[in-house]
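**Q** Counting from 1, position 175 in the sequence shown corresponds to residue 394 in the working numbering; the numbering is continuous, with no gaps.
Even glycine gets a Cβ: it sits at the ideal position worked out from N, Cα and C.
From a predicted model like this one, the values you see are computed outputs, not experimental measurements.
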Amino acid sequence: MSEEGNPRDGDFELVTLRNGSRAVRHLGHGEVMHPSVGPWKEALGLYVEQPRLGERLSREGPPLVIHDVGLGAATNAVAALTCARELGAARRRTLEVISFEVDLAPLRLALADAAGFPFLQPFREAAETLMRDGVWEEAGLRWRLHLGDAVPHLDGALPVADLVFFDPFSPASNPDMWTEAVLARVRRHCREDGEGALLLTYSAATPTRVTLLLAGFFVGAGAATGTKGETTVASTRLESLASPLGTRWLERWTRSSSRAPHGATLTPDIEARVRAHPQWR
Numbered sequence: 220m221s222e223e224g225n226p227r228d229g230d231f232e233l234v235t236l237r238n239g240s241r242a243v244r245h246l247g248h249g250e251v252m253h254p255s256v257g258p259w260k261e262a263l264g265l266y267v268e269q270p271r272l273g274e275r276l277s278r279e280g281p282p283l284v285i286h287d288v289g290l291g292a293a294t295n296a297v298a299a300l301t302c303a304r305e306l307g308a309a310r311r312r313t314l315e316v317i318s319f320e321v322d323l324a325p326l327r328l329a330l331a332d333a334a335g336f337p338f339l340q341p342f343r344e345a346a347e348t349l350m351r352d353g354v355w356e357e358a359g360l361r362w363r364l365h366l367g368d369a370v371p372h373l374d375g376a377l378p379v380a381d382l383v384f385f386d387p388f389s390p391a392s393n394p395d396m397w398t399e400a401v402l403a404r405v406r407r408h409c410r411e412d413g414e415g416a417l418l419l420t421y422s423a424a425t426p427t428r429v430t431l432l433l434a435g436f437f438v439g440a441g442a443a444t445g446t447k448g449e450t451t452v453a454s455t456r457l458e459s460l461a462s463p464l465g466t467r468w469l470e471r472w473t474r475s476s477s478r479a480p481h482g483a484t485l486t487p488d489i490e491a492r493v494r495a496h497p498q499w500r
């Protein structure tokens, strides 16, 4: 996948996937963003179609806020913005995307490869403005950037999120972002009223789901993507989950060899908290 001569920027390079899609790879740990089906297909499937973003934006209401945790090459954010822009007059709500990112190199690389990332080009000026000024706006659309370590930003004041795109590098490559402490911070900024908020992530690992439960979310199975049979959707309201985890999952968890949350060992207290979660009532 990695070849001499691939465009590089800092710790990142552009690569071509087996299916011909272009993607961004981290030179240190080697992880590729959206590695199986390509970035655009995954972004649309997991982060636009799964939460029915177009339907949400077509209903009257206050601004719909997305916390985009892990901007990367901006594929997920641009997928949401594209959905909103394409609705045209059918859109009844403002869309506000708040992106968190520590390194803008992936976005610079992707914007420089118009043929490899054509879906970014309608928002090229927006992305360049975002990187320069930290904010971009047009009628009914607002995109903001929090650059640097996400934790201090998550400790500050943020608009309440209706959707969370949780898409950092994997727990193996970026363990600090998958802990209960970080996910609890994410949870504190999520909508409680109405239908609540949804958090969407590509990981279906047992430790991911345990950590989300401990952070205060209700947790369910999410849509399949590429080689993954399912992903994960979490919510502040159980009834907002299409496929909530049930007692069968809890029984399998008791027999699992991966019972601990990310960044911690399994203790009697953690086990008791998982078992006492209101999800199972």
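Considering only the alpha carbon of each residue, which of Glu320, Arg312, Val284 lies closest to Phe388?
**A** Glu320
**Q** Let me make sure I understand the geometry here. Which of Asp381, Pro463, Val493, Ala483 has the alpha-carbon closest to that of Met396?
**A** Ala483
**Q** Give me, in chain order, the residues of the same chain whose beta-carbon lies closer than 8 Å to that of Leu431; leave out the 5 immediate sequence neighbours on both sides.
**A** Leu402, Leu418, Val438, Thr451, Ala453
**Q** On a Cα-Cα basis, can you pick out the residue from Ala442, Leu433, Leu233 that is closest to Ala324?
**A** Leu233
**Q** Using 8 Å as the cut-off, can you tell me whether the segment 327-334 makes contact with the segment 305-317, which would need three or more C-beta pairs spanning the two stretches below that distance?
**A** At 8 Å Cβ cutoff, the stretches do not touch.
**Q** Assign Gly249 to buried or exposed, taking buried as 16 or more other Cβ atoms, counted over all protein chains shown, within 10 Å of its Cβ.
**A** exposed
**Q** List, from N- to C-terminal side, the beta strand (DSSP E) runs of 3 residues or more that fit wholly inside the segment 405-477.
**A** 417-420, 437-441, 450-454
**Q** Return the chain-ordered list of same chain residues with a C-beta closer than 6 Å to the C-beta of Glu490, the five sequence neighbours on each side being excluded.
**A** none
**Q** Grouping DSSP H, G and I as helix and E and B as strand, with all else coil, what is Glu274?
**A** helix
**Q** On a Cα-Cα basis, can you pick out the residue from Ala479, Ser476, Pro487, Arg500 that is closest to Leu464?
**A** Arg500
**Q** Starting from Thr294, trace the alpha helix (DSSP H) in both directions and tell me its first and last residue.
**A** 294-306
**Q** Could you give the DSSP three-state label for Glu279: helix, strand or coil?
**A** coil
**Q** What would DSSP say about Val256, mapped onto helix, strand or coil?
**A** It is coil, neither helix nor strand.
**Q** Nearest to Arg312 by alpha carbon, out of Glu449, Gly280, Asn295, Ala292?
**A** Gly280
**Q** With C-beta atoms as the reference, is Asp287 less than 8 Å away from Phe384?
**A** yes
**Q** Is it buried or exposed for Ala242, if we count other Cβ within 10 angstroms and need 16 for buried?
**A** buried
**Q** For Gln340, count neighbouring Cβ atoms within 10 angstroms of its own Cβ and tell me buried if that reaches 16, exposed if not.
**A** exposed
**Q** Sort out for me which residues DSSP pairs Thr486 with in a bridge.
**A** None, per the DSSP bridge assignment.
**Q** Which residue's Cα is closest to the Cα of Gly229: Ile285, Leu263, Arg327?
**A** Arg327
**Q** Go through its chain and collect everything with a Cβ distance to Val251's Cβ below 6 Å, but skip five positions before and after it.
**A** Answer for Val251: Ala242, Arg244, listed in chain order.
**Q** Looking at Ala434: is its Cβ nearer than 8 Å to the Cβ of Glu399?
**A** A distance below 8 Å separates the beta carbons of Ala434 and Glu399.
**Q** Determine the burial state of Gly289: buried for a count of at least 16 other Cβ atoms within 10 Å of its Cβ, exposed for fewer.
**A** buried
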